[in-house]
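First up is the structure itself, then whatever we jot down about it.
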Amino acid sequence: MSNKTFTMIKPEAVAEGNSGAIIKLIEEAGFRIVAMKKTLLSAARAGQFYAVHKERPFYESLCKYMSSGPIIAIILEKGNAVADFRKLIGATDPSKAEDGTIRKLFAKSIEQNAVHGSDSDDNAALEGSFFFSQTEMY
Ligand code: IDP
Ligand code: MG
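Sequence positions in the sequence shown follow the numbering used here and run 30 to 167.
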């Protein structure tokens with residue numbers, strides 16, 4: 030079990046000014062920020078990040094959405110980080126997310142669902158290194 034996970038605050042949540050409230054919930058849940066940056070993904074780079082979904086019907090729309098405005102990329106640390114963070118954000122579809130979860134509170138739709146959360150320790154490490162070098166992780 031690793032103690033790190035990776036998240037992005039997605040474009041609509043950043044644009045609507047919800048990043049501060051989301052980071053507050055993340056910190057209150059016991060996660061420590063290891064690295065954080067605001068950046069704009071090109072559609073091609075969003076496509077690389079979500080390459081695992083390239084056969085899915087929503088892939089093209091997802092790449093367009095994820096490159097529609099800046100995102101905030103964050104590496105987080107906590108015991109049982111991956112599973113605990115997935116619990117904190119709630120289900121992919123906000124209509125199915127539990128009360129109090131970040132997606133229930135902030136998501137607009139199954140696509141514009143406010144935040145990303147890594148689904149495994151291996152992906153957390155890969156996704157973190159997609160945005161940050163080792164010397165940027167504190
Ligand atoms: P996750 O973010 O909860 O891990 P994934 O299945 O990995 O969900 O999907 C990645 C992202 O693709 C979702 O967060 C969401 O933005 C988008 N997405 C997933 N399923 C759908 C869908 O059925 N329609 C539109 N967008 C979707
Ligand atoms: Mg996923």
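Backbone N, C-alpha and C fix where the C-beta goes; we use that ideal spot for every residue, glycine too. Only a predicted model underlies this, so the values are computations on that prediction, with no experimental measurement involved.
Residue i versus residue j: straight-line alpha-carbon distance, rounded
i: L54; j: K33; result: 17 Å
i: H145; j: I103; result: 10 Å
i: A112; j: S147; result: 9 Å
i: G108; j: F114; result: 10 Å
i: K125; j: N142; result: 12 Å
i: G119; j: T130; result: 5 Å
i: Y167; j: H82; result: 30 Å
i: F60; j: I101; result: 16 Å
i: A80; j: F159; result: 12 Å
i: S96; j: E127; result: 28 Å
Cβ neighbour criterion (16 or more within 10 Å) applied to residue i
i: L155; result: exposed
i: K93; result: exposed
i: T164; result: exposed
i: A75; result: buried
i: G49; result: exposed
Integer Cβ distance of residue i from residue j, believed to fall under 8 Å
i: P40; j: K67; result: With 8 Å as the limit, P40 and K67 do not qualify as a contact, their Cβ atoms being about 11 Å apart.
i: I51; j: I62; result: Between I62 and I51 the Cβ distance is about 12 Å, and since that is not below 8 Å, they are no contact.
i: F161; j: A73; result: About 19 Å; that fails the 8 Å criterion.
i: L69; j: E140; result: 18 Å between Cβ atoms; not a contact.
i: D150; j: S31; result: 4 Å
i: G157; j: F35; result: 5 Å
i: A153; j: L117; result: With a Cβ gap of about 14 Å, A153 and L117 do not count as contacting.
**Asked** Can you list the beta strand (DSSP E) stretches of 3 or more residues lying completely in the stretch 117–159, in chain order?
**Response** none
**Request:** Please confirm if the stretch 41–61 is in contact with the stretch 128–135, defined as three or more CB-CB distances below 8 Å between the two stretches.
**Result:** yes
**Item:** Every unbroken beta strand (DSSP E) inside the stretch 69–114 [3 residues or more]
**Value:** Taking 3 residues as the shortest admissible run, the stretch 69–114 contains the following complete beta strand (DSSP E) segments, listed from N- to C-terminal end: 100–106.
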